[in-house]
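Numbering (mature numbering (1 follows the signal peptide of the UniProt record, and there is no 0)), first residue to last: -25 to -1, 1 to 204. Each residue gets a CB set at the ideal place from its N, CA and C atoms; glycine is no exception. The next block holds one structure in the form of structure tokens; read it before the comments.
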């Protein structure tokens, strides 16, 4: 679910893996910094004293094969959103790969516990409705730090509501089951980001902001980003 992914990015974006030069300033993209910084501080505090310890404990007690399997299952669920957005972006080839991944991983991969699709050469997409809007020319707008939900932009923040319809949680009637799966997804996603923390340097707020913005541009343009140098 996209909400849980953003929640796990309270103070750390997975995109730091792609942009080691993200500590450069980009204040023109952040006119609301005076508001964003206090929200970031709040999110960082919640992460430090709640999410991160939970993720570390989960990683400590969970066998690696089980942790990988659970992570694969949530990624398999996420392929539903990838498929929907590739269709909306008029990318039939990518949508076909998403469909094949869903079929093979859900069946032969035991509901996605094993990522057989990747082993078959079917590479996973990473699409959401914010990227779809960007693909059709909608500008990102200013950077926005959302309470508890983490980094976003004026375009991407409301797009999360649309992505929510591709997540299974809203269709699970049993409240305890729904909340348990939702919570596990949050902890699993945060655990997957623990190893990336060592890449953060300098002003943490600036680093994460620029890493997020650069990664979003990279994804919207499908990696076709012009080098300014």
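- Beta-bridge pairing by DSSP links residue 128 to 118.
- Leaving aside the five residues that flank residue 132 on each side, the residues in its chain whose CB is nearer than 7 Å to its CB run, in chain order, 119 and 121.
- In chain order, 162 and 166 place their CB closer than 6 Å to the CB of residue 33, counting only its own chain and leaving out the 5 sequence neighbours on each side.
- Out of 107, 80, 100 and 66, the CA that lies nearest to the CA of residue 137 is found in 107.
- The beta carbon of residue 180 lies closer than 7 Å to those of 12 and 15 in the same chain, with the five residues before and after it left out.
- The DSSP assignment places 67 to 82 and 91 to 94 as complete runs of the alpha helix (DSSP H) inside the region 44 to 96, in order along the chain (cut-off: 4 residues).
- Assignment of residue 29 by DSSP, reduced to helix, strand and coil, places it in the helix class.
- In the DSSP annotation of this structure, the continuous segment of the alpha helix (DSSP H) that includes residue 166 starts and ends at 150 to 167.
- Taking 8 Å as the cut-off, the beta carbon of residue 102 is found no closer than this to the beta carbon of residue 160.
- Annotation for residue 107: the continuous alpha helix (DSSP H) segment containing it runs 104 to 110.
- Residue burial annotation: residue 39 is exposed, with fewer than 16 other C-beta atoms found within 10 angstroms of its C-beta.
- Less than 8 Å divides the Cβ of residue 97 from the Cβ of residue 75.
- Under a 10 Å Cβ-count criterion, residue 145 is classified as exposed, with fewer than 16 other Cβ atoms of the shown protein chains found around its own Cβ.
- Residue 173 sits exposed, since fewer than 16 C-beta atoms from the chains shown fall within 10 Å of its C-beta.
- Between the alpha carbons of residue 115 and residue 169 lies a gap of roughly 28 Å.
- Between the region 83 to 90 and the region 40 to 48, the count of Cβ pairs shorter than 8 Å is three or higher; the stretches touch.
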